[in-house]
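Peer 1: Quick note on numbering: numbering that gives the first Met the number 0 labels position 90 of the sequence shown as 89, and the sequence is numbered without any gaps.
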Amino acid sequence: MTVGILTISDKGAAGERVDESGKLIREMILPLGAKIVKYAIVPDEREEISRRLIDMADKLRCDLILTTGGTGLGPRDVTPEATKDVIDREIPGFGETMRAESLKFTPFGLLSRATAGTRNNSLIINLPGSPKAVRECLSAILPAVPHGVGLLKGEDKECGQKR
């Protein structure tokens, strides 16, 4: 499974903050046999986020693209909009599951606007920005990710069995 990781952070892009969330994503997905083919940090700019997602999906053909950051209610939080600009099909279950999991830890979990979808054969999932929330949310959805990627690649049948 080839993976792209995109951290969305004004401070991270400016070199003013260490990207702990991107590092944690890497640590959590490598045991799945994932190969990281692209990692980048970009500011909270809708067009830049969309451009990077398109590049990872269309040019690099990443099986999975995970973003972190920009999913809240702040005026610069535009990751869900940038993602919706480029996906072909939305997959609401990922966002729903992450919000439900977050609510176990904080009532503020319902404020997340994280989304997910597909672009061609790439699965794109928005994760929150904090390492704590990344760990909680990615742990909740990770069991479904390999099967989702397998379906997109035509390697899994609908029932979860290999072709």
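Glycine included, each C-beta is placed from N, C-alpha and C at the ideal position.
1. Based on Cα-Cα distance, which residue from ARG50, VAL144, GLY92 lies nearest to LEU31?
2. Please report the straight-line C-alpha distance between LYS156 and LEU63, rounded to a whole angstrom.
3. Using only the alpha-carbon positions, how far apart do GLY73 and THR96 sit?
4. Entirely within the region 74-107 and at least 4 residues each: give me those alpha helix (DSSP H) ranges in chain order.
5. Would the beta-carbon of VAL133 fall within 9 angstroms of that of MET55?
6. Measuring only the C-alpha atoms, how far is THR70 from GLU154?
7. Below 9 angstroms between beta carbons: does that hold for ARG75 and GLY116?
8. On the DSSP bridge assignment, give the partners of VAL2 in chain order.
Peer 2: The structure says:
1. Residue 31 sits at position 32 when you count from the first residue of the sequence shown. It is VAL144.
2. For the purposes of this step, residue 156 is taken as residue 157 along the sequence shown, with counting starting at 1. For the purposes of this step, residue 63 is taken as residue 64 along the sequence shown, with counting starting at 1. Their Cα atoms are separated by approximately 18 angstroms.
3. Here residue 73 corresponds to residue number 74 of the sequence shown, with the count starting at 1. Here residue 96 corresponds to residue number 97 of the sequence shown, with the count starting at 1. Roughly 22 angstroms separates the two Cα atoms.
4. 78-85, 91-102
5. One-based indexing of the sequence shown puts residue 133 at position 134. One-based indexing of the sequence shown puts residue 55 at position 56. Not closer than 9 angstroms, so no.
6. Here residue 70 corresponds to residue number 71 of the sequence shown, with the count starting at 1. Here residue 154 corresponds to residue number 155 of the sequence shown, with the count starting at 1. Computed Cα separation, rounded: 31 angstroms.
7. As a first step, residue 75 is located in the sequence shown; it is residue number 76 there, counting from the start. As a first step, residue 116 is located in the sequence shown; it is residue number 117 there, counting from the start. No. Outside cutoff.
8. Along the sequence shown, read from residue 1 onward, the residue named residue 2 stands at position 3. Beta-bridge pairing links VAL2 to ILE35, LEU63.
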